[in-house]
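Q: The structure follows.
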Amino acid sequence: MLKDKKILLGISGGIAAYKIPLLVRMLRKSSAEVKVVLTPNAQHFVTPLVLETLSNNAVYTDVFAHENNRNTEHISITDWADMMLVAPATADVLAKMAYGIADDALTTTFCAFDKPVLIAPAMNSKMLAHPATQEAMKRLESFENVTMLPCAEGELACGSEGKGRMIEVEELYFAIQKALEIQSLKGKKILITAGATQEEIDPVRYISNHSTGKMGYALAKVCALKGADVTLVSGPSQCSLCSLACVDLQKVKSADEMYEAVEKRWSEMDVVIFCAAVADYMPLKKEEQKIKKTGENWSLELVKTRDIASKFGKQKRENQLLIGFALETENEEENAVKKLKDKNLDYIVLNSLQDKGSGFGGDTNKVTIFAKNGDSKHFDLLSKEDVAKEIIMYTMAC
Ligand code: C5P
0 MLKDKKILLG
10 ISGGIAAYKI
20 PLLVRMLRKS
30 SAEVKVVLTP
40 NAQHFVTPLV
50 LETLSNNAVY
60 TDVFAHENNR
70 NTEHISITDW
80 ADMMLVAPAT
90 ADVLAKMAYG
100 IADDALTTTF
110 CAFDKPVLIA
120 PAMNSKMLAH
130 PATQEAMKRL
140 ESFENVTMLP
150 CAEGELACGS
160 EGKGRMIEVE
170 ELYFAIQKAL
180 EIQSLKGKKI
190 LITAGATQEE
200 IDPVRYISNH
210 STGKMGYALA
220 KVCALKGADV
230 TLVSGPSQCS
240 LCSLACVDLQ
250 KVKSADEMYE
260 AVEKRWSEMD
270 VVIFCAAVAD
280 YMPLKKEEQK
290 IKKTGENWSL
300 ELVKTRDIAS
310 KFGKQKRENQ
320 LLIGFALETE
330 NEEENAVKKL
340 KDKNLDYIVL
350 NSLQDKGSGF
360 GGDTNKVTIF
370 AKNGDSKHFD
380 LLSKEDVAKE
390 IIMYTMAC
């Protein structure tokens, strides 16, 4: 998602500066280009050499340095970058940026920057609460190209607990992705089901499947990056989402609970993506006590679960978009298209367990999307996040 994007990182003199080299690595791994500008105080916490090595670019520290192109690096760097992140932003730098004081490389660059800027404050909680800092943050928030990121709560470098920590590097990375993404799903309400369900047999045993939820969580992330209002109804899963994605996460266990969670929110949704691997059958009865080991054989009576996609597909409103998934091991296309019709979906995403790298648990997937008008599109093996992007692009044209 960040391939070839040009990202300018501004670092000021807070202890959290030591985390920024990790962010530079993450961005470079995503094939983004990175340049760094440092305040004089930031150099007490992180060296230009580390950042130069990781970014593979010269670090900008001094407006008057001889090697700078006739002292106008702050202009050429702003022309070069697609966006800027100031992290950590100290009380000092916030105040300067808010009032146009441009007395070092970072603040001069900020003053000349007219593209999106993200600011991640980090300081002691008393400094954060000070009216001067609060006033500066409010003023910065009112600038058209500036987005203030939140501070986190927790242990601070001074030893006390409170609000003022810089948000984590993964969250900064998410914020950068979002700042560079066109908000094409803004105003859309999207519900996604994800993961496996667990159907309890007794207090210690359940029936489930190998789904991990990765595909559904990737869809939720991509929809959130594009500005959608996302609800994720997830079966038990180890996957997580960035807090900045603001996804409404509804954790459920059984197919029945998943059904009820969807039913509650169904009517207000514009798009529903049924990505969960819902159990088709559940035990007729859940035993109150652990079932004891007795004879050589044991049989368990199962009853059908309610088919969520099918039930809500039948109630689909004209302006609602419904997307299902099909995981098949034989007659893949035929089975997928049958499900598309039977469940009254608009699209169905087929993944086959026959394809290497496709299916449960891994980070990649290989899918074909079938549309109800008979069109279809096959995709090569991609990361689940890229598959999510392609699904959204194909089904929602954005
Ligand atoms: O019929 P099958 O389970 O193969 O259909 C798969 C599709 O139906 C998926 O989109 C899945 O999320 C959805 N489904 C559902 N509720 C069920 C079973 C499947 O929503 N009980």
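Taking numbering that gives the first Met the number 0, the leading residue of the sequence shown gets 0, the next gets one more, and so forth. In this text, a Cβ means the ideal position worked out from N, Cα and C, and glycines have one as well. On a predicted model such as this, the values are computed, not experimentally measured, just so you know.
1) Given K18, which residues of its chain have a CB within under 6 Å of its CB, disregarding the five upstream and five downstream residues?
2) Could you spell out where the alpha helix (DSSP H) holding F311 opens and where it closes?
3) Going by C-alpha to C-alpha distance, which of I368, R164 and A97 sits closest to S351?
4) Mind checking whether I118 and L148 have CB atoms under 8 Å apart?
5) Would you give the residue range spanned by the beta strand (DSSP E) that V145 belongs to?
6) Taking C-beta to C-beta, are S307 and A325 nearer than 8 Å?
7) Please give the ranges of any alpha helix (DSSP H) in the region 245-330, keeping only runs that are unbroken, at least 4 residues long and fully inside the region.
8) Given that a residue counts as buried once 16 or more other Cβ atoms are within 10 Å of its Cβ, and exposed if not, what is L299?
9) Less than 8 Å between C-beta atoms, sequence neighbours within five positions excluded: which residues of the same chain meet that for M257?
10) From the DSSP output, in three-state form, read off Y393 for me.
11) Should P202 be labelled buried (16 or more other beta-carbon atoms within 10 Å of its own) or exposed?
12) Buried or exposed: which applies to H377, given that a residue is buried once 16 or more other Cβ atoms fall within 10 Å of its Cβ?
13) Nearest CA to the CA of N318: which residue from K342, V271, F359 and F173?
14) Near L1, what residues of its chain come up, given a Cβ to Cβ distance below 8 Å and the 5 sequence neighbours on each side ignored?
15) Indicate the three-state DSSP secondary structure (helix, strand or coil) for E180 in the structure shown.
16) Nearer than 7 Å: is that true of the beta carbon of A275 relative to any heavy atom of the ligand C5P?
17) With a cut-off of 8 Å, do at least 3 Cβ pairs link the region 102-109 to the region 36-44?
18) Let's test the definition: count the other Cβ atoms within 10 Å of the Cβ of V302 and tell me whether it reaches 16, buried, or not, exposed.
A: The short version:
1) V168
2) I307 to G312
3) For the set I368, R164 and A97, the Cα lying nearest the Cα of S351 is the one of I368.
4) yes
5) V145 to M147
6) Going by the sequence as given, residue 307 is Ile instead of Ser. Going by C-beta atoms, I307 is not nearer than 8 Å to A325.
7) 254-264 and 307-312
8) Of the residues assessed, L299 falls on the exposed side of the cut-off, its CB having fewer than 16 other CB atoms within 10 angstroms.
9) T192, T196, V232, G234, V251, A275, V277 and I307
10) helix
11) exposed
12) exposed
13) V271
14) L26, S29, S30, A31, I175, Q176 and L179
15) coil
16) yes
17) As far as the Cβ criterion goes, the region 102-109 touches the region 36-44, which means the pair count is three or higher.
18) exposed
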